[in-house]
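Peer 1: Here this note's numbering is used: the first residue of the sequence shown is 109, the next is one more, and so on. For every residue, glycine included, the Cβ atom is placed at its ideal position computed from N, Cα and C. Given the structure is predicted, the values throughout are model-derived calculations rather than measurements. Structure provided below as structure tokens; questions to follow.
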Amino acid sequence: MKVNLGPVTRLEGHLNVHTTVENNTIIDARCVGEMFRGFEVFLRGRHPLDAQQITQRICGVCPYAHAIASSYAQESIYRPNIPPNGRILHNLIQGANHLYDYLLHFYQLAALDFVDVTAISNYSGTDTDLVALKGWVSSELSSNKPFPAAPFLPRLSGKYIDDTELNIGALKNYIESLELQKKANRASAIFGGKFPHATAIFPGGCSQDATIDHIATYQSLIGEVRNFIHQKYIPDLVAVASAFPEYWEIGQSKGGFMSYGLLPFGPELDSARLFAPGVLENGQVSAVDFNAITEDVRYSHYSSRSGLRVRKGELQPAPDKQTSYSWIKAPRYNNKVVEVGATARVLVDYQQGNNSKIKQLVDHFAGQVGITADKLNSVLGRHLCRAISAVVIADFLMEETERINHGGPTMAEYQIPSSGEGFGATEASRGALLHYIRIEDHKIAKYECVVPTTWNCSPKDDNDRNGPMESALIGTYVETPQEQIEANRIVRSFDPCLACAVH
Ligand code: NFE
């Protein structure tokens, strides 16, 4: 039986998943990116300093990661002498964006896969937000709308949390988290200029000043977000994990993991990072080599050559191609499938023993829920690794503000050469993000982005190997094949962003 899960809701962009189910088991899954965008095409011929501005428009969720990757790529050509403040402000903007993104993903996108919203009908308290939510859900349910109370309802069939108090508590935090997301975004905008698309991020630093009042406001906002992470997000996540322990075993991708590392400790491009970079395969971590990345297009709607390295990338749309099923390309590392994202970020660092806090948190939570680190390759593992990332990043951001030289320079001065090429890599919330720029005659001659969701939602490659999410779906038992709540939970655990994936 063939079932299309699309449009898959509570994620960013247009994703379909074509599944084939036999005996209640998914035997084939195809991730389908349903649109073409073409940023790499219209960047050509532009001024190089347009790149960190234009590439932010790839996405309204992770814009700063694109600005940062673009800035790193350009810095590798311009070689500016960056003042320490410049890199710190980059970090403060990007880090706050991660915090916003994790709260958004857990509460608004993923938690509704587990939390029973209908529990609100039993609410008898006086909290104004919950009273309003109860009224809205009941009026929607008594309406004639085809999808009442969307995106809360209708629900896919399956088991949800059955503890009324837990459900109502999570719904309260769902609402409260919106305020905290706003605070994280305000914190980014103090130095970035605005949210979502920062005007102040440049190669070589940030055009905003690092004044005492900016820093104090930032600290106060991130402090509140940090408290929410510890007091609400972590307990809610642990509650979900305790109610659904089977999801430590569901949704394993069948390949390696890759992280580019996140948040450098110093202004130099090769500075050590809070999360260390690396490629993890069979328990071994090796250094990332950008020349080992290729993109296959056999099953993508492009007639350009398949298997090209990033700096040779081509983009020739072919909507009528017969063999293809997605607008997403299929990136591979050394011709192998790798998952990127929070699990990759945490496991790659953990395996190297880089950041003692990451090790401590992994061991602590693994002990608390009774798993080993290899179970982080799962639905719950991805959620837990996002929460671990949130704790580590929030602490780092508070420390980073103490390292600012108040009123000191935040931007380097530099000349842009007429030609050159460079890579810039960082971790967006959803994982490894690579930008490549080639400048000729003072203009962008080539621009390539290899984006987290392009890796995770990739279609099959030239060797017929499924992408990470496809591989995580295949073999999954589904109680109700027409609806597949299990598959939906797997998909959302990757936090796909299709706008980014097809860029
Ligand atoms: Ni549009 Fe993005 C992140 C990037 S995902 S959200 O995180 O880069 O592919």
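If you reduce the DSSP assignment to three classes, tell me which class residue 170 lands in.
Peer 2: Working through the sequence shown from its first residue, we reach residue 170 at position 62. Coil.
Peer 1: Using the rule of at least 16 other Cβ atoms within 10 Å of the residue's Cβ for burial, across every protein chain shown, is residue 519 buried or exposed?
Peer 2: As a position in the sequence shown, residue 519 is number 411, starting the count at 1. Residue 519 comes out buried.
Peer 1: Pick out whichever of 380, 396, 381, 379 has its Cα sitting closest to the Cα of residue 387.
Peer 2: Numbered from its first residue, the sequence shown carries residue 387 at position 279. That would be 396, whose Cα lies nearest to the Cα of residue 387.
Peer 1: Along the chain, which unbroken stretches of the alpha helix (DSSP H) at least 4 residues long are found entirely within the stretch 192 to 245?
Peer 2: The qualifying runs are 192 to 211.
Peer 1: Return the Cβ separation of residue 407 and residue 434 in integer angstroms, given the expectation that the two are a contact with Cβ distance under 8 Å.
Peer 2: Position 299 of the sequence shown, counted from the first residue, corresponds to residue 407. Position 326 of the sequence shown, counted from the first residue, corresponds to residue 434. 6 Å between Cβ atoms; contact.
Peer 1: Quick one: grab the DSSP three-state call for residue 383.
Peer 2: Residue numbering aside, residue 383 sits at position 275 when the sequence shown is read from its first letter. Three-state DSSP puts residue 383 in a strand.
Peer 1: CB of residue 353 to nearest heavy atom of ligand 1: below 8 Å?
Peer 2: Locating residue 353 in the sequence shown gives position 245, counting from the first residue. Incorrect: residue 353 has no Cβ contact closer than 8 Å to ligand 1.
Peer 1: Is residue 151 near ligand 1 - that is, is its Cβ less than 8 Å away from at least one heavy atom of it?
Peer 2: Taking the sequence shown and counting its residues from 1, one reaches residue 151 at position 43. No - ligand 1 has no heavy atom lying nearer than 8 Å to the Cβ of residue 151.
Peer 1: Going by the DSSP bridge assignment, what does residue 458 pair with across the sheet?
Peer 2: Counted from its first residue, the sequence shown places residue 458 at position 350. Residue 458 pairs with nothing; no bridge assigned.
Peer 1: Which of the three DSSP states, helix, strand or coil, is assigned to residue 509?
Peer 2: Mapped onto the sequence shown, residue 509 falls at position 401. Three-state result, residue 509: helix.
Peer 1: Go through the stretch 313 to 352 residue by residue and report every complete run of the beta strand (DSSP E) that reaches 3 residues or more, in order.
Peer 2: Within the stretch 313 to 352, no complete beta strand (DSSP E) run reaches 3 residues.
Peer 1: Is any heavy atom in ligand 1 found nearer than 8 Å to the beta carbon of residue 541?
Peer 2: The sequence position of residue 541 within the sequence shown is 433, counting from 1. Correct: residue 541 has its Cβ closer than 8 Å to ligand 1.
Peer 1: What's the call for residue 213, buried or exposed, on a 16-neighbour Cβ count within 10 Å?
Peer 2: To locate residue 213, count along the sequence shown from 1; it is residue 105. Buried.
Peer 1: Could you give the uninterrupted runs of the alpha helix (DSSP H) lying entirely in the stretch 531 to 583, keeping only those of 4 residues or more?
Peer 2: Counting whole runs of 4 or more residues, the stretch 531 to 583 contains the alpha helix (DSSP H) stretches 560 to 564, 576 to 581.
Peer 1: When DSSP builds the beta bridges, which residues end up paired with residue 403?
Peer 2: Against the sequence shown, residue 403 aligns to sequence position 295. Paired residues: 416, 439.
Peer 1: Residue 365 bridges to which residues according to DSSP?
Peer 2: Position 257 of the sequence shown, counted from the first residue, corresponds to residue 365. Looking at the DSSP assignment, residue 365 forms a beta bridge with 388, 447.
Peer 1: Hey, quick one: how far does the beta strand (DSSP E) through residue 277 stretch, first residue to last?
Peer 2: To locate residue 277, count along the sequence shown from 1; it is residue 169. Run containing residue 277: none in the beta strand (DSSP E); it sits in the alpha helix (DSSP H), 272 to 300.
Peer 1: Could you give the residue range of the beta strand (DSSP E) that holds residue 139?
Peer 2: As a first step, residue 139 is located in the sequence shown; it is residue number 31 there, counting from the start. From DSSP, the beta strand (DSSP E) with residue 139 extends over 133 to 141.
Peer 1: What does a CB cutoff of less than 6 Å around residue 603 pick up in its chain, not counting 5 residues either side in sequence?
Peer 2: By one-based count along the sequence shown, residue 603 stands at place 495. Excluding residues within five positions, the ones whose Cβ falls inside 6 Å are 213, 538.
Peer 1: Bridge partners for residue 370 per DSSP, in chain order?
Peer 2: Locating residue 370 in the sequence shown gives position 262, counting from the first residue. Note: residue 370 sits in a beta bridge opposite 383.
Peer 1: Any chance the stretch 294 to 301 sits against the stretch 179 to 195, with 3 or more Cβ pairs inside 8 Å?
Peer 2: No: the two stretches stay apart, fewer than three of their Cβ pairs being nearer than 8 Å.
Peer 1: In the DSSP output, which residue or residues are listed as bridge partners for residue 126?
Peer 2: As a first step, residue 126 is located in the sequence shown; it is residue number 18 there, counting from the start. In DSSP, residue 126 forms a bridge with 112, 138.
Peer 1: Would residue 116 count as contacting chain B if we go by Cβ distances under 9 Å?
Peer 2: The chain labelled as chain B is not found in the depicted structure, where only one protein chain is given.
Peer 1: Pull up the CB-CB distance for residue 126 and residue 140, whole angstroms please, since I reckon it's below 8 Å.
Peer 2: Working through the sequence shown from its first residue, we reach residue 126 at position 18. Working through the sequence shown from its first residue, we reach residue 140 at position 32. The pair is a contact, with the Cβ atoms about 6 Å apart (cut-off 8 Å).
Peer 1: Label residue 244 either buried or exposed according to how many other C-beta atoms from any shown protein chain fall within 10 Å of its C-beta, with 16 as the threshold for buried.
Peer 2: Taking the first residue of the sequence shown as position 1, residue 244 is located at position 136. So residue 244 counts as exposed.
Peer 1: Rounded C-beta distance between residue 309 and residue 175? I'm assuming under 8 Å.
Peer 2: Here residue 309 is taken as the residue at index 201 of the sequence shown, counted from 1. Here residue 175 is taken as the residue at index 67 of the sequence shown, counted from 1. That belief holds up - the Cβ atoms of residue 309 and residue 175 are roughly 4 Å apart, short of 8 Å.
Peer 1: Across the stretch 432 to 452 and the stretch 358 to 368, are there enough close Cβ pairs to call them in contact, namely three or more that are closer than 8 Å?
Peer 2: Yes, they touch.
Peer 1: What is the DSSP secondary structure of residue 427, counted as helix, strand or coil?
Peer 2: In the sequence shown, the residue the question calls residue 427 occupies position 319. Coil.
Peer 1: Between the C-alpha atoms of residue 563 and residue 384, what's the straight-line distance to the nearest angstrom?
Peer 2: As a working mapping, residue 563 is identified with position 455 in the sequence shown. As a working mapping, residue 384 is identified with position 276 in the sequence shown. Roughly 19 Å separates the two Cα atoms.
Peer 1: Is residue 538 near ligand 1, with its Cβ less than 8 Å from a heavy atom?
Peer 2: Against the sequence shown, residue 538 aligns to sequence position 430. Indeed, a heavy atom of ligand 1 lies less than 8 Å from the Cβ.
Peer 1: What is the rounded straight-line gap between the Cα of residue 556 and the Cα of residue 368?
Peer 2: The sequence position of residue 556 within the sequence shown is 448, counting from 1. The sequence position of residue 368 within the sequence shown is 260, counting from 1. About 16 Å.
Peer 1: Confirm, please, whether the CB-CB distance from residue 595 to residue 606 is below 9 Å.
Peer 2: One-based indexing of the sequence shown puts residue 606 at position 498. One-based indexing of the sequence shown puts residue 595 at position 487. It is not a contact, given that the beta carbons lie outside the stated cut-off.
Peer 1: Going by DSSP in three states, residue 479 sits in which element: helix, strand or coil?
Peer 2: Working through the sequence shown from its first residue, we reach residue 479 at position 371. Residue 479: coil per DSSP, three-state reduction.
Peer 1: Classify residue 310 as helix, strand or coil using the three-state DSSP reduction.
Peer 2: Residue numbering aside, residue 310 sits at position 202 when the sequence shown is read from its first letter. Strand, per DSSP.
Peer 1: What do you reckon, are the CB atoms on residue 128 and residue 110 nearer than 9 Å?
Peer 2: Along the sequence shown, one-based indexing puts residue 128 at 20. Along the sequence shown, one-based indexing puts residue 110 at 2. Yes; because the gap between Cβ atoms is below 9 Å, this pair is in contact.
Peer 1: From residue 231 to residue 565, what does the alpha carbon distance come to, in whole angstroms?
Peer 2: Taking the first residue of the sequence shown as 1, we reach residue 231 at position 123. Taking the first residue of the sequence shown as 1, we reach residue 565 at position 457. Near 39 Å, if we compare the C-alpha coordinates of residue 565 and residue 231.
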